[in-house]
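Okay, so here's the structure we're looking at.
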Amino acid sequence: MHTDIHLRPTKLHKEIVNSLVAANSLLTPPCFFVACTVIRYFHSSLSQSLLSVSPLFLFRSFFAGKEKRKTDTMEAFYLLVFGALASLVAALELSKTSKDRINTSSAFNSFKNNYLVVYSLMMAGDWLQGPYVYYLYSQYGFGKGEIGHLFIAGFGSSMFFGTIVGSLADKKGRKRACVTYCITYILSCITKHSPQYKVLMLGRVLGGIATSLLFSAFESWLVAEHNKRGFDQQWLSITFSKAIFLGNGLMAILSGLFGNVLVDNLQLGPVAPFDAASCFLAIGMIIILTSWTENYGDSSESKDLLTQFRGAAAAITADEKITLLGAIQSLFEGSMYTFVFLWTPALSPNDEDIPHGFIFATFMLSSMLGSSIASRLLAQQNPRVESYMQIVFMVSSVSLLLPVISSFLIAPSGVKGGSISFSGCIQLLGFCTFEACVGIFWPSIMKMRSQYIPEEARSTIMNFFRVPLNIFVCIALYNVKALPMTVMFGMCSMFLFLASVLQRRLMVIAEMHKSRSQDWTAMQEMGSEADPLNS
């Protein structure tokens, strides 16, 4: 059967493509795109067949069956943006040539796929909860002030307890830390069944600890295990870009759709996504326990946690590259988290009726576009990651400045309700651009962290990076109503511009160290050649 598929690909491929088009009466727009993407990942020989079918034709065929039902609830603008982004992502993924790919070994591919499955499950557990946290708290009867305190508790917990627990990963083991993430987040999900404020507060504290582990322990385990197995350093970029494409893009869309089915279609209530998240986390934990090996940073018993913190702080202050990297990460992520709280009021300042779920899926599709671009950039020797990230930060700075610019150039509408305004349309395009920059940022910052952060204190330093981020987000959340939205966006734009400036400084220093290293190597080679002559 396997041979028959490859001997007669044309017939099989046409049947699959025709089936996709015929399925338009059953699929939602994100599901339709997801179907194409999943097929692409599981059967690469479909590339040429899917390329022969215009993405626009596929979307026209899809939307033709949905036109009647969607006309009243969704404007053509949203569909146009989603369709254009989906076409770009499909074109980028399906048109990759050998120049855009890195030849790897089967052992690495097996290792990579195992990590991607685990990481996707972990991110699914996280994404399923996101859209329903605020909604669940409001259903329990809590006001905006009380809900705001719960969110601040989560970020505060990540800053204090998360830094301590995350730093223990270097000493006690990264695999153990990943399992701790699963257990902690599952316990956090269980607390959502209680309407008691104190129980929910405990859940936010547990969630904050889990978040710190998610963004440090898994990456630390991956980098250490990759190096321990002797894989090429450049291959790390493949895992990073695919992890963001699948975990932060595809899983976000699927999780949003699945959560919507659980809450709206099956009417299981707002706690259902948290129960589903627990199941995904449990499955991922089983895979970790059965297939991952343990690795450590500095596991010496003589070092206590305080000594470990001092060592990490000394490493940050002693190496300007690490200091710059931490500042860049905090500036970008701080702007990103602030954007998460601001995009809804920015697009509907007068309570315009906007499809939040569909816009969220569009943002995630933009992020997938960015990670697809990043995978191509990271596969090449030039431009270097330190170089192109300057442009990414500048573009993201301009994209978040659009709400400020539009407030001066376009007269605000005083009409309540209705559909999205012209200013909102412009801002939506800018926000999609920013999300594409986010998609490029994650695999690129992971690549730079793998190069510059010392292995023995990787998790500790990465959690140190999150301290200023969490402080900033707590302050922003506390003052979100005190400051005008244009001021908040302007502040984020300035932070991103500063990140671009610091990125340029990082590039200059990295080039200096590289040239010095090359000079030192050349001097050693000359010295070794001269030794036999002097003997």
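Under the working numbering, think of the first position of the sequence shown as 68, with each following residue one higher.
For glycine and all other residues, C-beta sits at the position ideal for the given N, C-alpha and C.
Given the structure is predicted, the values throughout are model-derived calculations rather than measurements.
- From the listed residues 438, 175, 527, the smallest Cα separation to residue 378 is found for 527.
- Fewer than three pairs of CB atoms, one per stretch, sit closer than 8 Å, so the stretch 225–242 makes no contact with the stretch 346–354.
- By the criterion of at least three beta-carbon pairs nearer than 8 Å, the stretch 553–564 is in contact with the stretch 405–417.
- When C-beta atoms of the stretch 143–161 are compared with those of the stretch 433–440, three or more pairs fall below 8 Å, so the two segments count as touching.
- In this structure, the alpha-carbon of residue 442 lies about 28 Å from that of residue 523.
- Contact between the stretch 524–543 and the stretch 449–458 is absent: fewer than 3 CB-CB pairs across the two stretches fall below 8 Å.
- Going by DSSP, residue 202 is part of the alpha helix (DSSP H) stretching over 200–206.
- Residue 363 sits in coil when the DSSP states are folded into three classes, being neither helix nor strand.
- Burial is judged here by how many other beta carbons sit within 10 angstroms of a residue's own beta carbon; residue 484 has fewer than 16 and is exposed.
- Across the set 565, 470, 505, the C-alpha of 505 shows the shortest separation from the C-alpha of residue 312.
- If one requires a minimum length of 4 residues, the alpha helix (DSSP H) runs lying completely within the stretch 381–445 are 387–414, in chain order.
- Residue burial annotation: residue 248 is buried, with at least 16 other C-beta atoms found within 10 angstroms of its C-beta.
- Considering only 421, 493, 174, the residue with the shortest C-alpha distance to residue 474 is 493.
- When the Cα atoms are used, residue 450 and residue 206 turn out to be separated by approximately 50 Å.
- DSSP, reduced to helix, strand and coil, places residue 378 within a helical segment of the structure shown.
- Leaving aside the five residues that flank residue 222 on each side, the residues in its chain whose CB is nearer than 6 Å to its CB run, in chain order, 537, 540, 541.
- Of the candidates 511, 579, 517, 213, the residue whose Cα lies closest to the Cα of residue 289 is 517.
- Residue 315 is classed as buried because its beta carbon has at least 16 other beta carbons within 10 Å across all chains shown.
- Counting C-beta pairs closer than 8 Å gives three or more between the stretch 315–335 and the stretch 174–194, which meets the contact rule.
- Look at residue 507 here: in three-state DSSP terms it is helix.
- The straight-line gap separating the alpha-carbon atoms of residue 300 and residue 214 is approximately 44 Å.
- Between the alpha carbons of residue 393 and residue 228 lies a distance of about 19 Å.
- Within its own chain, the residues whose Cβ lies closer than 7 Å to the Cβ of residue 302, once the five positions on either side in sequence are excluded, are 169, 171, 175, listed in chain order.
- Leaving aside the five residues that flank residue 304 on each side, the residues in its chain whose CB is nearer than 6 Å to its CB run, in chain order, 445, 514.
- Using a 10 angstroms sphere on the CB of residue 334, the tally of other CB atoms stays under 16, which defines it as exposed.
- Under the three-state reduction of DSSP, residue 195 is assigned to coil, being neither helix nor strand.
- Counting of Cβ neighbours within 10 angstroms places residue 263 among the exposed residues, the total staying below 16.
- Comparing C-alpha distances from residue 337 to each of 380, 571, 199, 147 shows the shortest one belongs to 199.
- Residue 239: member of the alpha helix (DSSP H) spanning 211–239, first to last residue.
- Taking each of 386, 525, 276, 497 in turn and checking the Cα distance to residue 464, the smallest one comes out for 497.
- When rounded, the separation of the alpha-carbon atoms in residue 233 and residue 287 is 10 Å.
- Fully enclosed beta strand (DSSP E) runs of no fewer than 3 residues are not present anywhere in the stretch 258–286.
- Within the same chain, and ignoring the five residues on either side of residue 329 in sequence, the residues whose Cβ sits closer than 8 Å to its Cβ are 335, 339, 340, 343.
- The C-alpha of residue 269 is placed about 16 Å away from the C-alpha of residue 201.
- For residue 581, the secondary structure class from DSSP, reduced to helix, strand or coil, is helix.
- For residue 357, the three-state secondary structure derived from DSSP is helix.
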